[in-house]
Each structure stands twice: as structure tokens, then as C-alpha cells.
Amino acid sequence: MAISREVQAGLEKLAADGLYFAPVRHHSPACALALQALIREVRPAVVLIEGPDDFDALLPLLLDPATRPPVAILSQAALAEQLPQEDAPPAGVRSAFYPFCDYSPEWVALHEGRALGAQLAFIDRPWRGGGDEHDEEVRSLMSERYLAHSEALKALTARSGCRDQDELWDHLFELREAAGLRDWRRLFADVFAYCAMARAGYETAVLEADGSLPRERHMAAHLRAWRARTDGAIVVVTGGFHTIALQQMLELDAPPAEAVTGKRIGNWLIRYSFDRLDALSGYAAGMPAPAYYQWVWDSANAAADGPALLDVAAGALTTLARQSRELGLAEQISTADVQAALLQATRLAELRGHAGPGRQDLLDAVRSCFIKSAIDDGTSGLAADLQRFLGGSRLGDIPPSAGSPPLVEDARRTAAQMRIRVDDSLPRIVRLDIYRKERHRARSRFLHLMAYLDTGLAQWRSGPDFIGGASLDMLAEEWRVAWNPMVEARLIELATLGASLSAVAMARLRKDQEQLAAQGQGRSAVQATDLLTRACLIGLHRQLPALLELISSTLDEDANAGSVIACAHKLLLLWRGREPLGLQEHPQLRRLLLQAWRTALFLMPQLAQMKRDEEAAAVESLRSMHTLHGALRKLADDEVDHSLWRQHLRRLAATPEAPGVGSAAGAMLFIDGSWNEAQLAAMLQACFGPGALPGDAVRALKGLMAAAPELLLTQASLRTALNAVMSGWDEQTFVSFLPDLRQTFAALRPRETAELAEALAGARQDKLLAELHYNATEADLLAGAAMQAALADSLARDGLGAWLGTSGASHG
-12 MAISREVQAG LEKLAADGLY FAPVRHHSPA CALALQALIR EVRPAVVLIE
38 GPDDFDALLP LLLDPATRPP VAILSQAALA EQLPQEDAPP AGVRSAFYPF
88 CDYSPEWVAL HEGRALGAQL AFIDRPWRGG GDEHDEEVRS LMSERYLAHS
138 EALKALTARS GCRDQDELWD HLFELREAAG LRDWRRLFAD VFAYCAMARA
188 GYETAVLEAD GSLPRERHMA AHLRAWRART DGAIVVVTGG FHTIALQQML
238 ELDAPPAEAV TGKRIGNWLI RYSFDRLDAL SGYAAGMPAP AYYQWVWDSA
288 NAAADGPALL DVAAGALTTL ARQSRELGLA EQISTADVQA ALLQATRLAE
338 LRGHAGPGRQ DLLDAVRSCF IKSAIDDGTS GLAADLQRFL GGSRLGDIPP
388 SAGSPPLVED ARRTAAQMRI RVDDSLPRIV RLDIYRKERH RARSRFLHLM
438 AYLDTGLAQW RSGPDFIGGA SLDMLAEEWR VAWNPMVEAR LIELATLGAS
488 LSAVAMARLR KDQEQLAAQG QGRSAVQATD LLTRACLIGL HRQLPALLEL
538 ISSTLDEDAN AGSVIACAHK LLLLWRGREP LGLQEHPQLR RLLLQAWRTA
588 LFLMPQLAQM KRDEEAAAVE SLRSMHTLHG ALRKLADDEV DHSLWRQHLR
638 RLAATPEAPG VGSAAGAMLF IDGSWNEAQL AAMLQACFGP GALPGDAVRA
688 LKGLMAAAPE LLLTQASLRT ALNAVMSGWD EQTFVSFLPD LRQTFAALRP
738 RETAELAEAL AGARQDKLLA ELHYNATEAD LLAGAAMQAA LADSLARDGL
788 GAWLGTSGAS HG
């Protein structure tokens, strides 16, 4: 490939006038080894690193012996258009990470420079939440998207026979002989050319608009200042994409300083994890398989002659095989499989010109020797197990002096008490017996709390849903739990709301309450009950008396029957789940349940006044009241006005304007024994008898089926009346109501549907036969016989007479 004059000039300036440029790929072991050799050889007075210059305040923490990678600097800023008011939490927070691992060139630069007594500094623009408006909420400050999207590098990848740019990078840089990795002049020259090729494909206007050029001008200004006051060598460590621009800018007059917009919230050193660092998980600047490259780095630093790639491959395969047996993975890996895969990886490396088996050589050998069944898509099975294995789950550590906000410390302490692992980021499944074990209930509340605060720690998978009212027969909960850097980042964002999880949760709960009031839902009893349920789930039990009182006052104000009835139903669910929810010590709940029942009774006549499109919701509310009535008969029979309940049901059943609500009310009266068969038959006659309108009949059927679908199976008079109505419909009417009918009958189980069809068929059979016999004349019978004879003759001519049986065959 021909090198332009511009690139050639840049290559000559990589080490000139005591200024040594080290163009790197972030988190590249090859670049880290070359940089290590560079610093040890030239012994610089100053080491300058691409990174926001306000990170300098964190240098003591980064260099603290207790800091163990992977770690990251978390930077947070409020966007300029969303600056917070004084002493108020920011309305819009954008976060960014600047990660380090042991083999990050930036990490090596800091520690090698410190060992020589060099001055250390970051030189990039302070980050204030800028960038493309389509960026994610949390981003990386080490983005290498220009390399990933370079058309030139894509073409080079294809011409090299590599599958992607990660394989190309390994082929060109990571898999050199040991001496080549320590030859920093050659390696950095090649990285420079590689990145200059990518940069040539981007226009100046694009780089200006996205902030690359302003950042580079800022770094160039720092370089001028350091060069002017430094006697000795300076090493400059930046992403290779920026190196050629910095060289060119140093030859130009310094531009005026550019303002940095946005409000800085703070920078923190936090723990980071391999899974977040993995390029395969979406990290914008990562190398794939960070655990694998950690083994390579450890091997390179354990021996003077560089990484022992064969030993790394053998160790990885052996460990993977052992884990496959210990964990009972689908693909069991034997010692013979390991030997075959290692031989395969070695031969692939030789064929490809590598110094030893690399990551892709290893993957190809595993696919060839380990996977004996159909190759999966990479999301499950051995391929996914291998990806997780090579990616790793290591979580770094930071010194106590890092000074995490109190909220983060409270969360870590509580997580440890709840036996949640905070020392790695491996996802785990947690199953909790919340009905029988108090400790499990405490863990459940912690996980619900962390989920409520959107920390990303826990994802609810199954169990009783007390807010939604679903799956309440389940006795256990299941969660997917993983403590990762995003958890701590979110906690830092929330730290402005309080110093403890309970304080932040209470602030969030109050905010939810205020939002409901602002939306005009402040008088909604059901919304207030949801707040109570949420407080129980997340462990804010000290607030329960106040929330119970809030529901009581809201019930006095709420004039919506549906809301009050839903509130009463939710209170019943809370009563039934009072032990796992921690409500058994609150007798107010029983009184509140009775208050909700009386309020619902008072508003019950509203159900007959609902609009047609609200009728289904009204029937559902009536069903909830019926369930509640049955429960209260066991809980407080002497405190329930049963006569008023039956009186309201009779009035609803006699309301022609709401046939769905009326039929549901009549069904409930019959089921409870308040009506006999004659009274039920009278209601059915009104709904389905002569003169019944098709639309009203369908609405009545839907209400009855929603309330008591079994009546259609047990009451012959109901089937007869319904059948009579539908028999009188013409085809157009039937087709127009068919979707409603299908939806209505879906309430039946398959066996019940079959029983209903059989009953209806039996009722119509005699009538159909009678009609057939009555309508057939002698001429019709003679015409039928002649047609039958003609059909038999035709079949016989075609050799198909056997289809009619013996008599048919002999006819011809």
C-alpha cells in the first residue's frame, strides 16, 4: 500500500525534538507492551495522556496501590439546556466512562511514568455531556467508532481474509513475535499508518461538527505548553486516530481557547467490570474477550521473551473443559477434545502466520473440535458459554479514599447483608421463598427497591405481582441479579436525592405522588393503593401508616366507581398477601378494606350509567365487587350490608340501558342463591326472548359469560333462548356480530366448548331432520335417485366404481 507524503511526514515525527508520540488502540495489549518499552527506554520527564484534563485530580487515586483494575472514571454532567436550579438535583444527567484495565496503554503510561518519577497529566477537553444528540445516555470517552466505520479498513479486512476488524487488528498487531511487540518504533509506525488510513476517509466538516477537531486543538494547546516548560522527553499517548492531527496542529499558530458548554456534576473513580469492557457487549472502544487478553498480558509480563500464546491457549481450553463438566454444560469436553483443539489452534496459527494461537485461532479450533451438535447462533449453548468465558466477569476495586457518595456505600453494605455478590458482575438467578422465610422477604424488598430506583441490579422474572394482581398463587420470586458498573453509576446519579436507599426511595415515592396529583389523579384511590403496595414491596414500612391514611382520605374524595372498586380489590389482594408484604402489624388495613367496600356500594349505581364502550370495564368492576363480597363474608360478615349489595344487583339486573351489566348482575344473584331458576329465566327472556335486539343480546351474552360462563352449560333454558335469537338473524347480522361472539366464547375452556357444541347440536338435530323430511317431495326423491345413478355410471367409466362400495361397483 502506498503511503502518502503526509503520512510519511507524520511517521518521521513520531519521535522528534524530544516529543514521542505513541498512537494506540485503547485496551490493546500490543500497544501497552510497546508503550512500556518506549517509556523504559526514553525515560521521559512528562507523560501526557488523552483524557479530560480535569481527571488530573484523580491521579492519586489511580496510582493508589489499592486500586485494582478494571476501574473507570465516571464523569457526569448536566446538559446545558437542562441545568438544575440551585440546590436541586439535575433534571437531565448524562454520564460517561473512561475505563482502565491492566493492559490499557493509558494505565501502563501512568504506572510506568510514575515509576520513573515523570510528571503525569491528562490533556483532552473537559467532558460536559456534549456529543451527538443521538448518543446513548451513558457513553464511553474512548470511542473508536471512526476506526470501526472506516471504509478503508473494511476493505483491508476483506482483502486480508479476516472476518472483522478485531480479527484484522489481532492479525496485524497482537500476534507478532515477542521481539516485534517490544519494538515500539516499528509497532507505533504501523499503528500510525493504520489509523491515518482510517482518518483519510473523513471530511474536516464532519470532524469539526462531532467535536473531534475542538478536542484535538485543546490537546495541541496542552502539548505546546508542556513543551515550552519541559527539559526532557515528553511521551504523548493518544488514540491513533488523533496523532496525525496533533502533529499538524503543533506547527500552526495556537487558536484562541474554546468555551466548553455544559455543567460539570463530578468525576468519580469507580469499579468497572470485564463484561462492560467487552467489545462484544457493545462497548465502543473495547477489545473483545477481555479475560483472554488479560491472560495474554499476564503471560507477557511473567517472562522477558513476551506472551506465551501456546500456554495461554492450553490454559484456556483446559479451564473451559473443567467448567463444562462442573457446570454440566450441554457440550461435555474431554481431555482428548482439549488436545485436538490445541493442535488445531496451533496449526491454524502457523497457517495464518501468527506467533502463536490467537483469540480467533482458539475460537475456530473450539468450533471445530468441541461442538458436536448443530452450531448455535451464539446466544445459547457452547458458543455463548465460550464468549462469557473469554469475556470474564472480573470486577475491579478502588481504595476507601476514593470517597464514593454515601448512597453507594449504603447500597454496597446492604447488598452484602442480603448476600448479593458485589465482587464480580456475573449474572445470577436468585429464587426467594417470600411466604415462608423472613430473610428471603428482606432480600426481596432490597431487590424490589433497587429495581424501583432503576439501578439495573435486579430484573424480576417471575413470582406474585401484587401491583398488577397477577400470579398471586405463586409462592416464590425469581430474579436475575448482577452488580455491574452501571449500578454504581446510577446510584451516583441518585446521590443528590439522599444519603441512603430508603431516603432516595422515599423521595421517589413522594415524586410519584406529586406527579399523580399534577396529572389530575390526586383523588384516585387506586393510584394511592398502588403507592402503598410499592412501599410494602420496597420496605418503606415506616411510611405505611401515612399511606394508609392517604388512601382513607382519598376514598372519601374519589367519585369514580371504577377507581374505588379497583382500590377495594387491590386492598383485598394486600390483605391476602399481608404476611410477605409486612402488613400483618397494621390493623388499619382491615378497616380500610371495609371503608372501600362501603364507598364502592355507594357508587355502585354508576355502573349502569357507563357508555357502551365502557361496559366491559363496568362488568369487570362488578366481578371485582362480587369477589370482594365473598371474601368479606368470611372476614367480617356482621359488618357487611348484604341486603344493600343484593338491592343494587337487582336494580342493575333490571336496567335495559346496560344489558351486559344487567346480565352479569342477574348471574351473580343466581349464583349466590338470591334468585331461583324462574327469576333467572325471566331475566333471560328479557335479554334473549322475542323482540330482543341482536346488539343488546350480544352485550348481554358478553356480560353473562364474563360473570358466570358455566351458566351456559348448566341452564338449558339459556341455551334455548340464545339459540332462538341467533336463529332469527340474517347472514349480514350474524357476520357483523361474529367477532364479538368469538371473543365471548373464548372464555370457555376447550372441553366446555365441545360440551356446548354437543348440547346445541342435540337440541337442533330433530328439528333439522323434521325440516328435511317435511320439505322433500316425491319429485325431489326421484330426481335425487336419477342423479345418484348418473354419478355411479360416470365413476364406473373412469374405473372409480369401487369408491361407491359393492353396490356402486356392480351398478355399472
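At position 742 of the sequence shown (counting the first as 1) the number is 729 in the working numbering, and the numbers step up by one without a gap.
Ideal Cβ positions, reconstructed from N, Cα and C, are used throughout, including at glycine.
Among the options, whose alpha-carbon lies nearest the alpha-carbon of residue i?
i	options	result
GLY226	GLU718, ARG132 and ALA303	ARG132
ILE257	ALA3, GLN63 and LEU25	GLN63
LEU330	ALA482, CYS356, LEU307 and PRO56	CYS356
ASP411	GLY104, ARG418 and ARG399	ARG399
LEU484	ALA773, ALA457, PHE433 and VAL395	VAL395
SER391	LEU382, ALA486 and VAL468	ALA486
ALA(-4)	THR217, GLN235, GLU195 and GLY219	GLN235
MET206	ALA196, TYR189 and THR230	THR230
THR541	ARG430, ALA522, LEU579 and GLN719	LEU579
GLN310	LEU373, GLY690 and GLN281	LEU373
HIS702	PRO681, PHE657, ARG736 and ASP717	Reading off the sequence, residue 702 comes out as Gln, not His. Closest by alpha carbon: PHE657.
GLY38	ASP51, LEU297 and ALA59	ALA59
LEU622	HIS573, PHE109, ARG563 and ALA287	ARG563
LEU531	GLU572, ARG30 and GLN730	GLU572
PHE160	TYR259, ARG12, TYR90 and ALA669	ARG12
DSSP state of residue i, grouped into three classes?
i	result
ARG408	coil
PRO344	coil
LEU462	coil
LYS0	coil
TYR279	helix
THR225	strand
ASP659	coil
VAL(-6)	helix
PHE724	helix
GLU37	strand
VAL648	helix
GLY653	helix
LYS557	helix
TRP284	helix
ARG115	coil
LYS754	Interpretation of LYS754 is limited by its pLDDT of 49, a score under 50 that renders its predicted location unreliable; the figure taken from the coordinates is listed afterwards. Three-state DSSP puts LYS754 in a helix.
Going along the chain, which residues of its own chain have a beta-carbon closer than 8 Å to the beta-carbon of residue i, five neighbours each way excluded?
i	result
MET655	LEU609, HIS613, LEU636, ALA694 and ALA695
GLU99	LEU22, GLN23, ILE26, ARG27 and VAL34
GLU742	LEU700
ALA734	MET692, ALA693 and PRO696
LEU140	LEU134, GLN152, LEU155, TYR181, MET184 and ALA185
LEU210	LEU6, LEU35, ILE110, ILE221, VAL223, LEU233 and LEU237
VAL685	PHE724, ASP727, LEU728 and THR731
Please list, in chain order, all residues of the same chain as residue i whose beta carbon is under 7 Å from its beta carbon, the five residues on each side excluded.
i	result
PRO567	ILE421, TYR422 and ARG428
ARG585	none
ARG432	LEU524, ILE525 and GLY526
LEU691	SER650, ALA651, ALA654 and LEU698
LEU297	THR333, GLY343 and PRO344
For residue i, which residues of its own chain have a beta-carbon under 6 Å away from its beta-carbon, when the five flanking residues on both sides are left out?
i	result
LEU332	Per the sequence shown, residue 332 should be read as Ala rather than Leu. Once the five neighbours on either side are set aside, the close Cβ partners of ALA332 are ALA300, PRO344, ASP348, LEU349 and ALA352.
VAL513	SER550, ALA553 and CYS554
ARG169	ALA24
ALA744	none
LEU800	What the structure shows of the chain is the stretch from -12 to 799, and residue 800 is not part of that stretch, so it cannot be assessed.
ASP51	PRO386
LEU755	Low local confidence applies: a pLDDT of 42 at LEU755 is under 50, so the model's placement there is unreliable, and no value is given.
Less than 8 Å between the C-beta atoms of residue i and residue j, yes or no?
i	j	result
LEU496	LEU535	no
LEU588	LEU631	yes
HIS14	MET274	yes
ALA278	GLY379	yes
GLY647	LYS689	yes
VAL223	LEU6	yes
GLY115	GLY249	For the record, residue 115 in the displayed sequence is Arg; it is not Gly. Yes, the Cβ-Cβ distance between ARG115 and GLY249 is below 8 Å.
LEU(-2)	PHE179	yes
ARG251	PRO113	yes
TRP282	GLY302	yes
ILE416	ARG467	yes
Please decide whether residue i counts as near chain B, where near means a Cβ-Cβ distance under 8 Å.
i	result
ARG633	Given the protein chain composition of this structure (a single chain), no chain B is represented.
State the CB to CB distance for the pair residue i and residue j, rounded to an integer number of angstroms; the pair is presumed to be in contact (CB under 8 Å).
i	j	result
LEU233	PRO57	Contact flag wrong, Cβ pair sits at about 27 Å.
LEU48	THR54	6 Å
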